[in-house]
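Trainee: Under this note's numbering, the first residue of the sequence shown carries the number 1103, and numbering increases by one thereafter.
We put the CB at the ideal spot given by N, CA and C, even for glycine.
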Amino acid sequence: MTGKARIARYRRFIPVIFSVIIIGFVGKLWYDNVNLTERNNRLREQFILANERNMKFAEGFGPITKRLDSLATTLDEESRRRSTAEARANSLQKENEFLRSTGKCSIAIDPSAVQKGAKDPGTVIIQAAPAGE
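1. Taking DSSP as the reference, what is the three-state secondary structure of R1146?
2. In three-state DSSP terms, what is R1155?
3. If you reduce the DSSP assignment to three classes, tell me which class R1114 lands in.
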């Protein structure tokens, strides 16, 4: 057999060989598709389970977050109250320091207070105790 005759003889098998290769590729794609579909379904189920667990976990934290919110509100109110009290204490401290530095008494004695108190019953009179008592 000559070279041309041999090529002509094998030329008949070329379409069959390509058909087998193409069928093999299609079969491999089908096999991969089946495996990927199964894995995808398993992952979907795992995702659904994880999502359900996450929702239960989040529901468990609901009361805790509400309590923390109420504590934050209470803490905010308390810090405002303390800030106001501290500002008042500072102003009283400054007033006290000013009065001490000037040498003036912060209470003035009014000799006519007893007479004013007798006329106005709403007035409170504070008197010092007599000496010796």
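Mentor: Looking at the atomic coordinates:
1. Assignment of R1146 by DSSP, reduced to helix, strand and coil, places it in the helix class.
2. Helix.
3. In the structure shown, R1114 adopts coil according to DSSP, grouped into three states.
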